[in-house]
Amino acid sequence: MFFFALASVAPLTAETYTLGGKKGWADVTVRNGITTGKGRYGYESLELDTNQQKTTGTTDLLIDFENGDISDRAAKYTVIESNVQPSKKAVRGKGSALSMNKFSAAKGRKQGGIILRGDSTSFFGNESPAGSFKIDWWLCPSTVENGETLMNWRSSRNRGNDIVYQLLNVSFYQNKIMAVFTNIFDGYHKDSGEVVLTTQRSIIPNKWSHHTIRYEENSGLLEYRINGELECVRFITDTGHENGTVFPAIMGIGADFELCPNYSGLIDDFCIERSYEEAHCAGSDQLVETIAPVRYVISGGRFESKPLVLQEGSIITSVHAETSVPPQTDIHLYIRGSDNYLNWTKDSPEWIQITSDSKIENLSGMYFQVAAELFPDGAGEHTPSVTSLRLDYAVQPVPVPPPRITAQKGDGSVTLTWARSVEDSTGGYYIYYGNRPGEYLGRIATEGASPINAGNVTAYTLTGLQNGTIYYFAVSAYSKYDAHISGALSKEVYARPSAR
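Counting from -3, one number per residue, gives the positions in the sequence shown under my numbering.
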């Protein structure tokens, strides 16, 4: 009985399936917070995407300075002139811009920064109501001198029979920031139509800070925040409070917008949104800022492969991950599998957490999916990366097809004969038939639809066929350990049954 048990156990063959490396990552179809980078041995790797600003449906302007690119991601503004230099000293993402004041002999003044021209749909490109808006950016000044200008827009608009001058200017004043809105708010005549926001805290050179100007058209709330903390607030209403009649913001004739025209230092992720974004703590009316000055999102990212098709009855033994894991970063690996993936959901079959090269128990099937979660260090400065994933699995050997096959026509029948497969693991043969070359979809034979399990024989007759109709045939061998494991098809043969 002991020897009989050994004889009934199928010999297994070791196989591998690789994602990444030379093959690339086409098998990875889900990437949340994941991008590509340069991995080990020069191959493409998967790593955390940087925490750079992303465009939304309300984005009017976004310059993120990634990869040295000085352009609008929202595609509404054209760069007319750029006097900034790309820098890798970024607070978010991998790039920022360095602005340096340089004296322009032609203009007789210091000139730097970027000049942008918006199209007719942009915030600064057309005379129209502004609605709610938010302007934010990251700043790291080299110096904080009076008059240094971070942004400037000058235009005019019609007010009845009059033309009024407009200004939006943000600059340094006594180590603080002063934002001036002149004749921007329709109907606001106090202080000659000028609204000024001045920050409370002093700006520290060579230190990054996040700046936000927001205006909410329903309440008239205009505020300035630094690192999410409120610095100055005004209600642009007839009462100066939130219950008054709102003076709406109206932008004048389209005019060029200057970013950092007179400023020395770094700037990153300059963005204008045509909305006022609110985020409140649960059970509280306190406004909170969700943007963090980190290169990589602390919560990490995840990627998943598509269902990978292996041989039926494959047994996963281990997964080898070629990775780079800097200190304090981490990678969590997962795998799951079954015989059929059509009923898979997000959580079923259950994901199994594994470690690289560790033995995996009791996981077999035909379809498998791998996933990984990547986590940065606590400061969000470094990312792990995955260069390749190799699935190690065992399969039962697949029999080779019969080396020779012939077809002899009969009256409403065809007799097939073939040479026996040379594999010791062969347990029988499947016969495939049909009316077109390479298409074995036959159903008319008395013995059954294609494919027919002929058993462990080397000759077989199909009956019930139509005389005068040509039929095409091929034979495959299947494993004596599992009839579901079938090898490749033999050479195709054909015959046309006849009553004569």
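Beta carbons: idealized from backbone N, C-alpha and C, even for Gly.
Simplified DSSP assignment, three categories, for residue i
| i | result |
| --- | --- |
| serine 188 | helix |
| tyrosine 259 | coil |
| glycine 333 | strand |
| glycine 515 | Examination of residue 515 is not possible in this model, given that the chain is present from -3 through 496 alone. |
| glutamate 144 | coil |
| glutamate 308 | strand |
| leucine 64 | As written in the sequence, residue 64 is glycine, which differs from the leucine given in the question. Note: glycine 64 maps to helix in three-state DSSP. |
| arginine 36 | helix |
| lysine 19 | helix |
| glycine 216 | coil |
| histidine 316 | strand |
| lysine 50 | coil |
| glycine 114 | strand |
| threonine 413 | strand |
| valine 366 | strand |
| phenylalanine 243 | coil |
| alanine 473 | strand |
| proline 125 | strand |
| glycine 408 | coil |
| glutamate 357 | coil |
| glycine 424 | strand |
| tyrosine 490 | strand |
| serine 344 | coil |
| glutamate 238 | coil |
| leucine 385 | strand |
| glycine 430 | strand |
| serine 482 | strand |
| arginine 496 | coil |
| phenylalanine 181 | strand |
| threonine 379 | coil |
Close beta carbons around residue i, own chain, < 7 Å, minus the five adjacent residues each side
| i | result |
| --- | --- |
| tyrosine 456 | Leu412, Ile427, Ala450 |
| serine 4 | Legend: pLDDT at serine 4 = 46, less than 50; position of this residue unreliable, no value from coordinates given. |
| leucine 255 | Gly109, Ile110, Leu112, Met147, Phe266 |
| asparagine 142 | Phe168, Tyr169, Gln170 |
| glycine 406 | Pro493 |
| glycine 297 | Asn28, Gly29, Ile30, Leu44, Asp45, Leu370 |
| aspartate 195 | First, the amino acid is wrong: residue 195 is threonine here, not aspartate. Excluding sequence neighbours, threonine 195 sits near Lys172, Ile173, Tyr220, Ile222, Glu227, Cys228. |
| threonine 51 | Leu58, Arg69, Ala70 |
| asparagine 179 | Val160, Tyr161, Gln162, Gly189 |
Whole-number beta carbon distance between residue j and residue i, since they are thought to touch under 8 Å
| i | j | result |
| --- | --- | --- |
| serine 381 | glycine 33 | 6 Å |
| serine 482 | serine 494 | About 31 Å; that fails the 8 Å criterion. |
| leucine 370 | isoleucine 331 | In fact, because the Cβ distance is near 16 Å, the residues do not count as touching under 8 Å. |
| glycine 333 | isoleucine 312 | 7 Å |
| proline 571 | serine 260 | The displayed coordinates of the chain run from -3 to 496. Any statement about residue 571 would go beyond what the structure contains. |
| glutamine 88 | arginine 291 | Per the sequence shown, residue 88 should be read as arginine rather than glutamine. About 7 Å; that satisfies the 8 Å criterion. |
| isoleucine 27 | phenylalanine 299 | Checking the displayed sequence, the identity of residue 27 turns out to be arginine instead of isoleucine. Rounded, the Cβ-Cβ distance is 5 Å, consistent with contact. |
| aspartate 264 | alanine 86 | 6 Å |
Residues near residue i in its chain [Cβ-Cβ closer than 6 Å; skip 5 each side]
| i | result |
| --- | --- |
| threonine 454 | Trp414, Arg416 |
| leucine 8 | Ala390 |
| glycine 424 | Gly451, Asn452, Tyr474 |
| threonine 54 | Glu269, Arg270, Ser271 |
| leucine 218 | Tyr211, Arg230, Ile232 |
| arginine 510 | Absent from the structure is residue 510, since the part of the chain shown begins at -3 and ends at 496. |
| aspartate 234 | Gly240, Thr241 |
| isoleucine 448 | Ile427 |
| glycine 17 | Tyr39, Ser384 |
| glutamate 419 | Pro395, Val396 |
| asparagine 157 | none |
Counterpart residues of residue i in DSSP-defined beta bridges
| i | result |
| --- | --- |
| leucine 135 | Ser205, Ile263 |
| glutamate 225 | Ile222 |
| threonine 31 | Glu43 |
| alanine 390 | Ala10, Ile311 |
| methionine 174 | Ser167, Thr194 |
| glutamate 273 | According to DSSP, glutamate 273 bridges with nothing at all. |
| lysine 130 | Arg210, Glu269 |
| threonine 25 | Partner(s): none; threonine 25 has no beta bridge. |
| proline 82 | Ala93 |
| isoleucine 327 | Leu370 |
| aspartate 158 | Arg155 |
| threonine 233 | Val242 |
| alanine 403 | Leu412 |
Close beta carbons around residue i, own chain, < 8 Å, minus the five adjacent residues each side
| i | result |
| --- | --- |
| glycine 430 | Tyr436, Leu437, Gly438, Ser446, Tyr467, Tyr468 |
| aspartate 373 | Pro322, Pro323, Gln324, Thr325 |
Residue i Cβ short of 7 Å to the ligand FAD heavy atom set
| i | result |
| --- | --- |
| serine 151 | This structure does not include the ligand FAD; it has no bound ligands of any sort. |
Below 8 Å, how does it come out for the region 145 to 155 and the region 57 to 70: are there three or more Cβ pairs, yes or no? no
Validate contact between the region 389 to 401 and the region 293 to 312 using beta carbons, cut 8 Å, 3 pairs: yes
Could you tell me whether the region 208 to 223 touches the region 114 to 128, where touching means 3 or more Cβ pairs closer than 8 Å? yes
Whether or not the region 372 to 381 and the region 344 to 357 are in contact is what I'm after, with contact meaning three or more pairs of Cβ atoms, one per stretch, closer than 8 Å; do they touch? no
Taking contact to mean at least 3 C-beta pairs separated by less than 8 Å, is the region 67 to 79 in contact with the region 16 to 36? no
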